[in-house]
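Remarks on the structure that follows.
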Amino acid sequence: GAGVSQSPRYKVAKRGQDVALRCDPISGHVSLFWYQQALGQGPEFLTYFQNEAQLDKSGLPSDRFFAERPEGSVSTLKIQRTQQEDSAVYLCASSLDPNTEAFFGQGTRLTVV
Amino acid sequence: AQSVTQLGSHVSVSEGALVLLRCNYSSSVPPYLFWYVQYPNQGLQLLLKYTSAATLVKGINGFEAEFKKSETSFHLTKPSAHMSDAAEYFCAVSSNDYKLSFGAGTTVTVRA
Chain A
1 GAGVSQSPRY KVAKRGQDVA LRCDPISGHV SLFWYQQALG QGPEFLTYFQ
51 NEAQLDKSGL PSDRFFAERP EGSVSTLKIQ RTQQEDSAVY LCASSLDPNT
101 EAFFGQGTRL TVV
Chain B
1 AQSVTQLGSH VSVSEGALVL LRCNYSSSVP PYLFWYVQYP NQGLQLLLKY
51 TSAATLVKGI NGFEAEFKKS ETSFHLTKPS AHMSDAAEYF CAVSSNDYKL
101 SFGAGTTVTV RA
């Protein structure tokens, strides 16, 4: 596709449920990022991949959050035992390399009830 | 550590009037600075980026921003607002060009 694609666009989860959010980056993009955007806030950095290597996961809020990019392309952000404070829009971005413009997907809006 | 403060969560301007969005940053190292725009139900789009090459940075859609080190500011301006400029705008700072720290955002409405 032409841009970064995220699925699902909307996800409602019951508290305690596990969820998996998918990101398809632009083909050939080496760098991939995940951000969390709470309502009324700016995005907050979660994690960064260069190809399949997770080089920075300093923004993951707890050990319930896990991200992977096993083949250096598609990435999945998994949240275990979801809690209400996990409700947010999760944004994925990719770039050709770390020093070039990052292109953002439309995000996945997660609501935990 | 880096952080960004955007002054004013909402700005309302008349069509054709100046748009001014304020951003102040703190950074322990020379920063990279960015402005992004987010239209409803869309991802963030880069408007412009400062990387120390020039203090006045021109971006897309007629926007520009000026880096002022003495004021630790990177305000975004557009001389004449258009209805299509209605969106949310985010200022961001980075010390390593990949990990962005965003401000809380400023929502711009344009009055006809």
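Protein chains in written order, with the numbering used here: chain A, 1 to 113; chain B, 1 to 112.
In this text, a Cβ means the ideal position worked out from N, Cα and C, and glycines have one as well.
Cα atoms of K78/B and K58/B: separation of roughly 10 Å, rounded to the nearest angstrom. The beta carbon of E85/A sits no closer than 7 Å to any beta carbon of chain B. For Q36/A against L46/A, the beta-carbon gap comes to about 6 Å, under 8 Å, which counts as contact. Within 9 Å of the CB of K99/B, the CB atoms of chain A belong to F33, F45, Y48, D56, S58 and G59, in sequence order along the chain. With 16 or more other Cβ atoms inside 10 Å of its own Cβ, P25/A counts as buried. Exclusion of the five residues before and after S26/B leaves Q2, S3 and T72 as the residues of its chain whose Cβ lies within less than 7 Å of its Cβ.
The C-beta distance from A81/B to G8/B rounds to 15 Å, too long to fall under 8 Å, and the pair is not in contact. Against chain A, a Cβ distance below 7 Å from Q42/B picks out Q106.
Between L33/B and V93/B, the C-beta spacing is below 7 Å.
Checking the DSSP bridge columns, you'll see Q6/B partnered with C23/B. Contact annotation for G103/B against chain A: G42 [CB-CB distance below 8 Å, chain order]. Contact annotation for V4/A against chain B: G43 [CB-CB distance below 9 Å, chain order]. The DSSP-derived three-state label of S84/B is helix.
In the three-state reduction of the DSSP assignment, D86/A falls in the helix class. I60/B carries a helical assignment under DSSP once its states are collapsed to helix, strand and coil.
DSSP places Q41/A in the coil class of the three-state scheme, outside both helix and strand. The beta-carbon of E52/A is placed no less than 7 Å from the nearest beta-carbon of chain B. Taking 7 Å as the CB threshold, E68/A stays off the interface with chain B. The shortest C-alpha to C-alpha distance from Q45/B to any of G3/A, E85/A and S73/A is the one to G3/A.
For a Cβ distance threshold of 7 Å, nothing in chain A lies close to L48/B: the least Cβ distance comes to about 11 Å. Collapsing the DSSP output to three states places H75/B in a strand.
Q106/A and T100/A have their C-alpha atoms spaced approximately 19 Å apart.
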